[in-house]
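What follows is a set of notes on a single structure, which appears directly below.
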Amino acid sequence: MSELVEHVDEHDRVLGVVDREEAVREHWLHRIAVTICRDREGRILVLRRARTLSRFPGHYDVLVGGAVDVGESYEEAAVRELAEELGVRVRVRFLFKFLCREGISPIWFGVHEAVVTEVLVPDSGEIDWLDWLTVSELLEVVDQWSFVPGGREALRRYLRSGFGSGAGEVGAG
570 MSELVEHVDE HDRVLGVVDR EEAVREHWLH RIAVTICRDR EGRILVLRRA
620 RTLSRFPGHY DVLVGGAVDV GESYEEAAVR ELAEELGVRV RVRFLFKFLC
670 REGISPIWFG VHEAVVTEVL VPDSGEIDWL DWLTVSELLE VVDQWSFVPG
720 GREALRRYLR SGFGSGAGEV GAG
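So the sequence shown is numbered by my numbering: it starts at 570 and just counts up by one.
If you want it as structure tokens, here you go:
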């Protein structure tokens, strides 16, 4: 079954509708909505992608997300992807977007943050393993484990922007 996405330009303006596999194969820009999930203690969710996935099987990531459907906003896609992949319905906060050239093709990443307090029910077709890590724990492993390149870049931008500052101590006092 084909998945249709909006082909966009270097300014994230829509050029047309294309099949996602074709966009990846032809290296056409398209949109991906991703979310960095935190818990009440400020820890960040880390997951290992299922080994059966076509893109980055068995790699670790801090991003939950996927392609933005035609006519869908980054935020709508982020909420949908969290429900599909983690079984949770939570509000997301749009943080920033950037043109990611790391990985399988150039894509626009719309990065969100969500505080997740519900029990996670991961989709086993998408996620093999997950755990909550403090920022310091995550920084120890991000360059040691096989991370999805775009996820590593998004995490670094997230932390540099100050969104993750003091994360290990949030709620500790």
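Think of the CB as a built atom: it goes at the ideal place given N, C-alpha and C, for glycine as much as any other residue.
The structure presented is a predicted model; accordingly, all values stated were derived computationally and were not measured.
How do the region 619–629 and the region 641–659 stand: do at least 3 beta-carbon pairs fall below 8 angstroms, yes or no? With fewer than three CB-CB distances shorter than 8 angstroms, the region 619–629 does not count as touching the region 641–659.
By Cβ distance below 6 angstroms, which residues in the same chain neighbour ASP697 in space, the five residues on each side in sequence not counted? Residue numbering aside, residue 697 sits at position 128 when the sequence shown is read from its first letter. So the list reads ARG617 and ALA619, once near-sequence residues are dropped.
Given that a residue counts as buried once 16 or more other Cβ atoms are within 10 Å of its Cβ, and exposed if not, what is GLY627? Your numbering for residue 627 matches position 58 in the sequence shown. Classification for GLY627: exposed.
VAL587 versus TRP597: straight-line alpha-carbon distance, rounded: Counted from its first residue, the sequence shown places residue 587 at position 18. Counted from its first residue, the sequence shown places residue 597 at position 28. Those two C-alpha atoms are separated by around 9 angstroms.
Excluding the 5 residues preceding and the 5 following PRO718 in the sequence, name in chain order all residues of the same chain whose CB lies nearer than 6 angstroms to its CB. As a position in the sequence shown, residue 718 is number 149, starting the count at 1. Correct list, in chain order: GLU671 and GLY672.
Would you list the one or two residues that DSSP bridges to ILE613? For the purposes of this step, residue 613 is taken as the residue at position 44 of the sequence shown. Residue pairing of ILE613 in beta bridges, as defined by DSSP: ARG607 and LEU702.
So the alpha helix (DSSP H) PHE654 belongs to, where does it begin and stop? On the sequence shown, residue 654 is found 85 positions in, with the first residue counted as 1. Before going on, a small fix: residue 654 reads as Glu here, not Phe. It spans 643–655 - the alpha helix (DSSP H) in which GLU654 sits, taken as one unbroken run.
Answer with buried or exposed for PHE665, where buried requires no fewer than 16 other C-beta atoms within 10 angstroms of its C-beta. Position 96 of the sequence shown, counting from 1, holds the residue named residue 665. Burial call: exposed.
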